[in-house]
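Participant: Chains as they are written, first to last, in the working numbering: chain P, 1 to 208; chain V, 1001 to 1208. I have a structure I would like to understand better, so I am pasting it below and will then ask my questions one at a time.
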DNA sequence: AATTCCGGAGAACAGTTGTTAACTGCATGG
DNA sequence: CCATGCAGTTAACAACTGTTCTCCGGAATT
């Protein structure tokens, strides 16, 4: 299946990746809808027209970025939901993993947070679809928990969505705290953990 | 106090308002960081240079839009938190009010959702500050509730933030459902209500 | 009634944008 | 080894951008 790409295609994917990375960096200070194609090629050190060999437009590039950014998030969600331990331990571990992910891929997180409600429809939809897949995955993990007994499918999906949204909010808060003092990070950690704890308590008493 | 503005200043505020409204409309299809000053003046039917009489830049205009958009939201929050009745009634009423607000000011909601994490720092900060004020207000309302007995200040702020974020998420969902079928709006209504209900349950058992 | 103030218009600027066409050189497949 | 394919280049285009300076006309002030 995985042919060792020819020299030709290898070089192509290399500049394609360079374009994506340059775009991600430029997007730290603006939104996708204002990102110019020339701006990106200039940052890479390539002719403007080379852009068209890889993407039809910056919109197109944005959609590709969604896959890349949320692709890196996918394994993390798996790790979080498959963590063992009691409720508090799992929450602490989840927040910790989120913080670490933001440290590792800050521009990915920024891009998703920014473009989730951004000005480019196809990108918004790509993010929405991808997040819906995450939510389904979280829901599937919740079903296996004995606590899920008696829960309707709809309610489980609601809970999963609540968790996913909280994770995104937490990630966004960690991002803002990235260049701040360590104490700010600690504050965010505690806040996010307490939010998740309250949701877990609500979950435990949902069927009362 | 309220002088009837001179003809001069009245006309000025009129075109200023026209600029804000035109910008808000243009921002339905893009982000603030890609909004051009000429674009706005063209939509109003005024010379590009007239823009400078009112704003230093589109960033400046964006900050002004934050006040306008969240100003309209302020009284709604007051209404929600001051509503009487048991938990379920209050939740139903709150979701209803949110839906109605989105119907009345869709572009305001869109602007806030989009620029909360958007590419223009001063605007992000203005939104963050304004939302923090809302959260404080919600917290102040929560304190008056007998259920708040034994709660720490920090936990109350956490809960208030949770509520505010959920309201914003609900508003954003209603916005997406605006041009969709009625059944989609109903789905969002039920989803938002159940989310708030779960949070309220968690709140009721927080001190266990 | 004369003077100042000021919101807006007009023209011009240098710089940027997306897109087109025709090209070059090198890896690829016959 | 030769012919084809194709990633990237070069040059040029019309259209657009933010910003400056100069000016106009009418409201505001005295």
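Idealized CB from N, CA, C, for every residue including glycine. Being a predicted model, the structure only gives us computed values, none of them experimental.
(1) Specify whether the region 1094-1106 of chain V and the region 1161-1178 of chain V touch according to this definition: at least 3 beta carbon pairs, one from each stretch, less than 8 Å apart.
(2) Taking the alpha-carbon positions, what's the residue 151/P to residue 207/P distance?
(3) With DSSP run on the structure shown, which of helix, strand or coil describes residue 105/P?
(4) For residue 1197/V and residue 117/P, I'd like the C-alpha separation in whole angstroms.
(5) Alpha carbon to alpha carbon, how far is residue 192/P from residue 1135/V?
(6) Using a 10 Å radius around the Cβ and a threshold of 16 neighbouring Cβ atoms, would you call residue 139/P buried or exposed?
(7) Between residue 1158/V and chain P, is there a C-beta pair that is closer than 8 Å?
(8) Buried or exposed for residue 95/P, going by 16 or more other Cβ atoms inside 10 Å?
(9) Pull up the distance between the alpha-carbon of residue 180/P and that of residue 187/P, whole angstroms please.
(10) Indicate whether at least one CB of chain P lies closer than 8 Å to the CB of residue 1199/V.
(11) Alpha carbons only, please: which of 29/P, 19/P, 10/P, 25/P is nearest the one belonging to residue 1121/V?
(12) Mind checking residue 52/P: buried by the 16 CB within 10 Å criterion, or exposed?
(13) Strictly below 7 Å CB to CB, what residues from chain P border residue 1151/V?
(14) Would you check if the distance between the CB atom of residue 954/V and the CB atom of residue 1023/V is smaller than 8 Å?
(15) For residue 57/P versus residue 1033/V, is the C-beta distance shorter than 8 Å?
(16) Go ahead and label residue 89/P buried or exposed: buried means 16 or more other beta carbons lie within 10 angstroms of its beta carbon, across all protein chains shown.
(17) Unbroken alpha helix (DSSP H) runs of length 4 or more, entirely within the region 1005-1054 of chain V: which are they?
(18) Taking the continuous alpha helix (DSSP H) assigned at residue 1161/V, which residues delimit it?
(19) Fully enclosed by the region 1072-1132 of chain V, which beta strand (DSSP E) runs are 3 residues long or longer?
(20) Between the alpha carbons of residue 1087/V and residue 147/P, how many angstroms are there, rounded?
(21) Determine the burial state of residue 190/P: buried for a count of at least 16 other Cβ atoms within 10 Å of its Cβ, exposed for fewer.
(22) Counting contacts by CB-CB distance shorter than 8 Å, is residue 90/P in contact with chain V?
(23) Between residue 1001/V and chain P, is there a C-beta pair that is closer than 8 Å?
(24) Using only the alpha-carbon positions, how far apart do residue 1084/V and residue 1097/V sit?
(25) Taking 8 Å as the CB-CB cut-off, is residue 1141/V touching chain P?
(26) Residues in its own chain within less than 7 Å of residue 1066/V by CB, not counting five upstream and five downstream?
Facilitator: So, to answer that:
(1) yes
(2) Sequence index remark: in the first chain, residue 151/P carries index 151 (1-based). Sequence index remark: in the first chain, residue 207/P carries index 207 (1-based). Those two C-alpha atoms are separated by around 8 Å.
(3) One-based indexing of the first chain puts residue 105/P at position 105. DSSP places residue 105/P in coil when its eight states are reduced to three.
(4) What you label residue 1197/V is simply residue 197 of the second chain in a count that begins at 1. What you label residue 117/P is simply residue 117 of the first chain in a count that begins at 1. Near 25 Å, if we compare the C-alpha coordinates of residue 117/P and residue 1197/V.
(5) Indexing the first chain from 1 puts residue 192/P at position 192. Indexing the second chain from 1 puts residue 1135/V at position 135. If I take the Cα positions, the gap works out to 16 Å.
(6) Along the first chain, read from residue 1 onward, the residue named residue 139/P stands at position 139. Answer is buried; the Cβ neighbour count reaches 16.
(7) Walking along the second chain from the start, residue 1158/V turns up at place 158. Yes, its Cβ sits closer than 8 Å to a Cβ of chain P.
(8) Start at 1 with the first residue of the first chain, and residue 95/P comes out as number 95. Per the 10 Å Cβ criterion, buried.
(9) Within the first chain, the letter at position 180 stands for residue 180/P. Within the first chain, the letter at position 187 stands for residue 187/P. Using only the alpha carbons, I get a separation of about 11 Å.
(10) Locating residue 1199/V in the second chain gives position 199, where the first residue counts as 1. Answer yes: the Cβ-Cβ gap between residue 1199/V and chain P drops below 8 Å somewhere.
(11) The sequence position of residue 1121/V within the second chain is 121, counting from 1. With distances taken between Cα atoms, residue 1121/V lies closest to 29/P.
(12) Position 52 of the first chain, counting from 1, holds the residue named residue 52/P. Residue 52/P should be labelled exposed.
(13) Sequence index remark: in the second chain, residue 1151/V carries index 151 (1-based). By Cβ distance, chain P contributes nothing, its closest Cβ being about 11 Å from residue 1151/V, past 7 Å.
(14) Residue numbering for chain V in the displayed model covers 1001 to 1208; residue 954/V lies beyond these limits and cannot be assessed.
(15) Taking the first chain and counting its residues from 1, one reaches residue 57/P at position 57. Taking the second chain and counting its residues from 1, one reaches residue 1033/V at position 33. Not in contact: residue 57/P and residue 1033/V (Cβ atoms no closer than 8 Å).
(16) On the first chain, position 89 is the one that residue 89/P refers to. The residue in question, residue 89/P, is exposed, as its Cβ has fewer than 16 Cβ neighbours within 10 Å.
(17) 1007-1026, 1037-1044
(18) Walking along the second chain from the start, residue 1161/V turns up at place 161. Its alpha helix (DSSP H) spans residues 1153-1177.
(19) none
(20) As a working note, residue 1087/V is residue 87 in the second chain. As a working note, residue 147/P is residue 147 in the first chain. Answer to the nearest angstrom: the Cα atoms are 24 Å apart.
(21) Position 190 of the first chain, counted from the first residue, corresponds to residue 190/P. Classification for residue 190/P: exposed.
(22) Numbered from its first residue, the first chain carries residue 90/P at position 90. Not one chain V Cβ lies under 8 Å of residue 90/P.
(23) The residue you call residue 1001/V lines up with position 1 of the second chain. Interpretation of residue 1001/V is limited by its pLDDT of 42, a score under 50 that renders its predicted location unreliable; the figure taken from the coordinates is listed afterwards. No, its Cβ sits nowhere closer than 8 Å to a Cβ of chain P.
(24) Sequence index remark: in the second chain, residue 1084/V carries index 84 (1-based). Sequence index remark: in the second chain, residue 1097/V carries index 97 (1-based). Near 14 Å, if we compare the C-alpha coordinates of residue 1097/V and residue 1084/V.
(25) Within the second chain, the letter at position 141 stands for residue 1141/V. No - not a single Cβ of chain P is within 8 Å of the one on residue 1141/V.
(26) The residue you call residue 1066/V lines up with position 66 of the second chain. Contacts found: 1123, 1126, 1127, 1130.
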